[in-house]
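Residues in the sequence shown are numbered from 1 upward in steps of one, following full-length UniProt numbering.
Just so you know, even glycine gets a beta-carbon here, dropped at the ideal spot from N, CA and C.
Note that the structure is predicted; figures quoted are calculated from it, not measured.
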Amino acid sequence: MNALRRGLGNSLVQAFLVVVGLVWLTPLAGLFLSSLRSAQDAAKGGWWTALSSPGQLSFDNYSALLGNAGMTQAFWNTVLISVPATFLVVVIAALAGYAFAWLDFPGREPLFLLVVALLVVPVQIGLLPVAKLFGQLGLFGTIPGVILFHVSYGLPFAIFLLRNYFAEMPREMLEAARMDGGGEWRIFTRLVLPVGRPAIASLAIFQFLWVWNDMLVALLFADSSSQPLTVELQSQIRQFGSNVDVLAPGAFLSLIVPVAVFFAFQRHFVQGVMAGSVK
Numbered sequence: 001m002n003a004l005r006r007g008l009g010n011s012l013v014q015a016f017l018v019v020v021g022l023v024w025l026t027p028l029a030g031l032f033l034s035s036l037r038s039a040q041d042a043a044k045g046g047w048w049t050a051l052s053s054p055g056q057l058s059f060d061n062y063s064a065l066l067g068n069a070g071m072t073q074a075f076w077n078t079v080l081i082s083v084p085a086t087f088l089v090v091v092i093a094a095l096a097g098y099a100f101a102w103l104d105f106p107g108r109e110p111l112f113l114l115v116v117a118l119l120v121v122p123v124q125i126g127l128l129p130v131a132k133l134f135g136q137l138g139l140f141g142t143i144p145g146v147i148l149f150h151v152s153y154g155l156p157f158a159i160f161l162l163r164n165y166f167a168e169m170p171r172e173m174l175e176a177a178r179m180d181g182g183g184e185w186r187i188f189t190r191l192v193l194p195v196g197r198p199a200i201a202s203l204a205i206f207q208f209l210w211v212w213n214d215m216l217v218a219l220l221f222a223d224s225s226s227q228p229l230t231v232e233l234q235s236q237i238r239q240f241g242s243n244v245d246v247l248a249p250g251a252f253l254s255l256i257v258p259v260a261v262f263f264a265f266q267r268h269f270v271q272g273v274m275a276g277s278v279k
């Protein structure tokens with residue numbers, strides 16, 4: 001009887017999770033079907049009508065999208081912004097997190113408290129002062145300027161996260177590595193990084209998603225030649241209104257990349273989220 005109850009309970013939980021998954025995927029499926037329909041078909045009815053009339057689906061919108069110079073340039077701008085901003089934050093935060101966790105140097109505690117204090121500073125407060133500074137340095141309206149802003153505002157959380165994760169590692173493990181003649185760099189690359197892979201992967205996913213989906217920073221710091229996909233889509237809406245044949249494939253392209261990144265690293269992401277929750 002207990003086994004039957006457990007089996008029934010597991011079946012109900014699995015059924016509930018399937019329903020939740022289908023509900024979560026419905027907007028994504030609707031956007032994908034909309035991206036395969038012409039503007040005339042989209043004006044006649046909702047995306048669900050394509051399920052009964054699959055003949056209206058084609059990849060013509062994606063062919064037109066690839067021929068749209070503004071959209072393709074915006075996509076590559078997004079890649080050129082997101083990848084370096086994620087890589088730099090992960091590398092710098094890993095080095096700083098290890099230093100704050102295991103190296104003794106003057107001012108370590110005050111500096112870490114400063115990093116924690118920067119977590120409460122809203123992005124909006126720094127927009128205008130940084131924009132003025134970037135204008136003086138010649139970085140305003142450039143891709144390096146957007147990257148630098150994302151890196152600077154992503155580092156406090158990244159350092160805080162990795163420092164706390166690295167600090168939970170057994171001290172005996174690091175001391176044994178030092179007794180075996182391992183230097184700090186060797187310990188960091190051969191021991192700390194492999195052990196901290198779940199937290200690093202989680203951080204990389206969070207940072208990539210934040211930068212990829214950002215529009216506020218890009219609206220202010222990127223000009224027409226360096227604007228990412230989010231700004232280009234907003235510009236298309238303002239200029240052409242209801243041009244679904246351009247907006248739908250562009251929006252799906254903007255959405256599917258972070259979804260693919262998440263599912264590619266979901267195993268490490270779950271490990272990073274659950275790290276420290278159980279002993």
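Same chain, Cβ closer than 6 Å to residue i, five either side skipped, listed in chain order
i: residue 159; result: 93, 96, 97, 115
i: residue 230; result: 215
i: residue 167; result: 101
8 Å Cβ cutoff met for residue i and residue j
i: residue 258; j: residue 208; result: yes
i: residue 149; j: residue 217; result: yes
i: residue 33; j: residue 66; result: no
i: residue 130; j: residue 169; result: no
i: residue 178; j: residue 187; result: yes
i: residue 69; j: residue 228; result: no
i: residue 161; j: residue 203; result: yes
i: residue 81; j: residue 146; result: yes
i: residue 255; j: residue 28; result: yes
i: residue 261; j: residue 85; result: no
i: residue 165; j: residue 201; result: no
i: residue 102; j: residue 174; result: yes
i: residue 113; j: residue 220; result: no
Own chain, CB closer than 7 Å to residue i, minus 5 neighbours either side, in chain order
i: residue 133; result: none
i: residue 278; result: Here residue 278 scores only 42 on pLDDT, less than 50, and its place in the model should not be relied on; the value that follows carries that caveat. Cβ within range, chain order: n/a, list empty.
Reduced DSSP secondary structure (H/G/I, E/B, other) of residue i
i: residue 21; result: helix
i: residue 196; result: coil
i: residue 145; result: helix
i: residue 279; result: With a pLDDT of 39 at residue 279, under the threshold of 50, the modelled position of that residue is not reliable, and the figure given next carries that caveat. Residue state, collapsed to three classes: coil.
Residue from the options whose Cα sits closest to the Cα of residue i
i: residue 235; options: 215, 17, 253; result: 215
i: residue 36; options: 263, 264, 248; result: 248
i: residue 122; options: 135, 156, 145; result: 156
i: residue 142; options: 77, 124, 230, 180; result: 77
i: residue 30; options: 252, 264, 262, 261; result: 252
i: residue 91; options: 193, 48, 223; result: 193
i: residue 63; options: 264, 120, 246; result: 246
i: residue 79; options: 11, 213, 264, 24; result: 213
Cut-off 8 Å between Cβ atoms - residues of its own chain near residue i, not counting five sequence neighbours on either side
i: residue 105; result: 99
Rounded Cβ spacing between residue i and residue j (contact assumed at less than 8 Å)
i: residue 182; j: residue 71; result: Going by Cβ atoms, the distance from residue 182 to residue 71 rounds to 50 Å, so no, they are not a contact pair.
i: residue 83; j: residue 154; result: Not confirmed; about 13 Å, so no contact.
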